[in-house]
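> Dropping a structure here in structure tokens format, bear with me for questions.
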Amino acid sequence: MHAYAQRIVSQAGARYLAPPGPTRDAFMRAGLYRSEELALGDEPLVFGRVDRRDGERLYVGRTAVYDETYEPLVIDWRAPAAEAFYRATPLEPMELIRRRHLICRGRNVLRIDDELLDTEHTGDGLVLVGEGALLDAVRRSRTGRMRDIVATIQSEQDAIIRGPLEGVLVVQGGPGTGKTAVALHRAAYLLYTHRRKLERTGVLLVGPNPIFLRYIDQVLPSLGESAMLATLTELVPGTVVTQTESLDAARLKGDPRMAKLVKRAVDRLPRELAEPARIIYEGKALELSVEESARLVRYARERLRGKHNARRRRLARLTAEYLWEKWSKRERQWKVVFGPEGPRHFAEAVLADPVFRAALDVMWPSMSARDFVDGVLFAPETLAEAAGNLLSADERALLEREPGGLTEADVALVDEAALHLGSRRPPRRRRGPSVDDEDRFMIERMLDDLQESQPMIRTMRGILADRYASERAALDEIVDRGPQIPERFGHVIVDEAQGLSPMQWRMIIRRCPSKSMTILGDLGQASSGWVPATWDEALANVGAPIRLAELTINYRTPEEIMDLAARVLAAEAPGLTPPQSVRRSDEEPSITLVDASELVDTVADAARSEAERIPDGKVAVIAPENLTSAIYEALGIAKSGRHRPAMLDEQIAVITVDEARGLEFDSVVIAEPSAIVSEYGGLRALYVALTRSTQRLVVVHSKELPRALEQARNES
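With our numbering, the residue at position 559 of the sequence shown is 601, and numbering never jumps.
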């Protein structure tokens, strides 16, 4: 533990050893939180300094540090006092004379980089050193994990990071502008600035795929904060994507009309019996006729409120009561006298009767959202009844399928269906969080073992045991309620948001009732089924005012590569302006034509050659889906490595365009660009692939190049 953190925690424990109570617990929690804040690993605590006109000198770091008299030694990068470190320019120095960056490796300062901001107040003896902290950070080799940019945040990025919590902030930014880094640092800033509001409701960050989430998962912890990271599929627990489908089918499933289709299909689940149901009670038969079932179903539709599965439970009781009245009326004719327990015994027997339950399954089937979408929604008879004038005959034919698993576009429909179906389980009443005796014994035994080295652990026993109990109860609650009830968050951040469909947006918005959201993306990279022309079009269903910010400077992609990519984008979307690169690499992109029989081996050789040139860096091969397995085999990489988030730990990763979104590599090899364009139905996917590299780009093709890429090569 860091020495400063140890002192803070020890002081908190010593001061509040006795008597136990909420005050002591609060100080203990503060000490533990402070300890976590200062567990920086190899990251430097301090990375900058500002010299002000009034002579004050402030150090900027990852977290605030104070001396014994609570005078600041280091200010937190998110504090208002640190804003000038990121925002000041020679035109607007914000009372600063000099800004200093400390370039560190671990706890060692390697170099100092100074910027003079106010030439009129420099005084005598001012010495400036350095060569640019930002470019130094850009040139560093990739590691397979994103680093924080807290030491090199630029002015336009800082303005977005420190934006207000309320409302919907949309950040349009081309490749390499730092959108993802801005998203993560904004999460850290909001959690720091609005901790009271967000400590319970939390922050959700939605990313495009598991590989991306693993790529970024160390950034927030390095900044002393945490948020929930999830893909769209993971927002619906228990939902697994096992199937693929055409772009046309995926696009149709994302259409807002699907919300009406789901609602209509759920409403059509209840129906009368096809034939009477004969229920045996105490050796005698009792019949529920077709007409009676129709009346009961109609009553439940018109009079009962709530979600579908909850109404089934109430209909079951209602039907049992109806049958009791019918039974008791008939039996009274034979002078049978019923005790006070008669109705209860009858209801228990009938509700457990298999014939009754089979009849109830016809009248009002119990249905999980997943089973509804996979097995009911796309059945021809359901589409014929529910679609009505919503869909054309061709659209219905495009959706029809047999049960067999979910596609990615189905996930939003599962979430939509859950709104109307609700949970299949009755609500569970919990008296309070609890932890079983065995678990508590193990916790306290572990803490006892630690007491000799950490005497303050004794005071933490109750806190930790209670925390465990609370978390255990919360986990049980999530498991109990299943996937039908979505989580709610105080703020939601969506990265790579440009290709989300209206149905996927409905899914995200449900998780943020306050409409406090940060949405980041690039319309030029929208290569999925949905390609909006503007952000207003993309977010038409958000239902809240939108603030638009733009990132215009490309810190990742060298100018040589970006010029090629910009020409490809211009052919597909002439109205979009790509970002401006800040540097050159003196390495022109390489484009090689080979015979089709040599394509895979040439791509593999190119990847190995790039890996040798940058032994400390990362290489990506971006290829069409149907070539990835062959390229893996040519490289000698096990196929089990495919689709694993940990694939970025290897020096060479073979990925598709969808898997490459949001990532960056030192060198990129693109295989068969025309096939990539065909696979995604446009040049924007190729634009994504072309802009993943920080240093070198190699293109290998056997088919004719896309016309835009051929022209760009000839013009460069």
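All C-beta atoms in this analysis are idealised placements derived from N, C-alpha and C, irrespective of residue type, glycine included.
Please confirm if the region 695-711 is in contact with the region 262-280, defined as three or more CB-CB distances below 8 Å between the two stretches.
no
> Any idea what DSSP makes of Val304, helix, strand or coil?
helix
> Could you pull out every unbroken alpha helix (DSSP H) segment of at least 4 residues lying fully inside the region 311-386, listed in chain order?
332-345 and 350-374
> Taking the Cβ atom as the reference point for each residue, do Tyr722 and Val696 lie within a distance shorter than 7 Å?
no
> Report buried or exposed for Arg99, applying the criterion of at least 16 other Cβ atoms within 10 angstroms of its Cβ.
exposed
> Per the DSSP calculation, Gln214 is bridged to which residue(s)?
Gly563 and Glu592
> With DSSP as the reference, please indicate the residues paired to Ile145 in a beta bridge.
Arg153
> Which whole-angstrom value is the C-beta distance of Arg726 and Gln567, which I expect to be below 8 Å?
6 Å
> Whether or not the region 387-396 and the region 312-323 are in contact is what I'm after, with contact meaning three or more pairs of Cβ atoms, one per stretch, closer than 8 Å; do they touch?
The region 312-323 makes contact with the region 387-396: 3 or more CB pairs, one atom from each, lie closer than 8 Å.
> Determine whether the beta carbon atoms of Gly216 and Asp605 lie at a separation below 7 Å.
Not a contact, by the Cβ cut-off of 7 Å.
> Closer than 7 Å by C-beta to Pro318: which residues in its own chain qualify, once you throw out the five before and the five after it? Chain order, please.
Glu329, Leu330, Ser331 and Val332
> At what residues does the alpha helix (DSSP H) containing Gln199 begin and finish?
Ser197 to Ile203
> Does Arg514 come out as helix, strand or coil in the three-state DSSP assignment?
Note that Arg514 scores 44 on pLDDT, short of 50, meaning its location in the model is unreliable; the coordinates nonetheless yield the value given after this. Per DSSP, reduced to three states, the secondary structure at Arg514 is helical.
> What is the DSSP secondary structure of Phe531, counted as helix, strand or coil?
Phe531: coil per DSSP, three-state reduction.
> DSSP three-state call for Arg749: helix, strand or coil?
If DSSP states are grouped into helix, strand and coil, Arg749 belongs with the helices.
> So, at 6 Å on beta carbons, what are the nonlocal neighbours of Arg609 in its own chain, with the 5 sequence-adjacent residues on each side left out?
Excluding sequence neighbours, Arg609 sits near Ala754.
> Let me confirm a value: Leu240 is counted as buried when at least 16 other C-beta atoms fall within 10 Å, else exposed. Which label applies?
buried
> Using only alpha-carbon positions, find the residue among Ser465, Gly296, Leu611 and Leu158 that is nearest to Ala580.
Restricting attention to Ser465, Gly296, Leu611 and Leu158, the CA atom closest to the CA of Ala580 is found in Gly296.
> Do the region 245-253 and the region 268-284 meet, that is, are 3 or more Cβ pairs less than 8 Å apart?
yes
> If you reduce the DSSP assignment to three classes, tell me which class Phe420 lands in.
coil
> Arg655 to Val224, Cα distance in whole Å?
Looking at the two C-alpha atoms, the distance is approximately 31 Å.
> Could you check if Trp572 is buried or exposed, using at least 16 other CB atoms within 10 Å of its CB as the buried criterion?
buried
> Thinking C-beta only, is Val116 closer than 7 Å to Gly103?
Yes, the pair counts as a contact, with Cβ atoms nearer than the cut-off.
> Mind the definition here: the region 609-623 touches the region 631-638 only if three or more C-beta pairs lie below 8 Å; say whether that holds.
The count of Cβ pairs closer than 8 Å, one atom from the region 609-623 and one from the region 631-638, stays below three, leaving the stretches out of contact.
> Between Pro600 and Tyr101, what straight-line distance do the alpha-carbon atoms span, to the nearest angstrom?
32 Å
> Could you check which residue in Val107, Arg94 and Ala106 has the C-alpha nearest to that of Ala130?
With distances taken between Cα atoms, Ala130 lies closest to Arg94.
> Let me know the secondary structure DSSP gives Val282 once reduced to three states.
DSSP, read as helix, strand or coil, puts Val282 in coil.
> Within the chosen definition, does the region 643-654 reach the region 738-755 through at least 3 CB pairs nearer than 8 Å?
Touching, per the Cβ criterion.
> My output table needs one value for Pro407: the three-state DSSP class, helix, strand or coil.
Coil at Pro407, not helix or strand.
> Of the choices Pro122, Asp160, Leu455 and Val534, whose alpha-carbon is the least far from that of Ala292?
The candidate whose alpha carbon is nearest that of Ala292 is Leu455.
> Suppose only complete runs of 3+ residues qualify. What are the beta strand (DSSP E) ranges in the region 204-276, listed by chain order?
You should have 210-215, 245-249 and 270-273.
> Within 10 Å of its beta-carbon, does Glu757 have 16 or more other beta-carbons around it, so buried, or fewer, so exposed?
exposed
> Could you check the C-alpha separation between Glu437 and Leu87 for me, to the nearest Å?
58 Å
> On the three-state DSSP scale, how would you describe Asp309?
Asp309: helix per DSSP, three-state reduction.
> Among the candidates Gln622, Ile550 and Gly532, whose CA atom is the shortest distance from the CA of Ser558?
Of all alpha-carbon atoms in Gln622, Ile550 and Gly532, the one lying nearest the alpha-carbon of Ser558 is that of Gly532.
> Counting along the chain, where does the beta strand (DSSP E) carrying Ile117 start and finish?
Pro114 to Asp118
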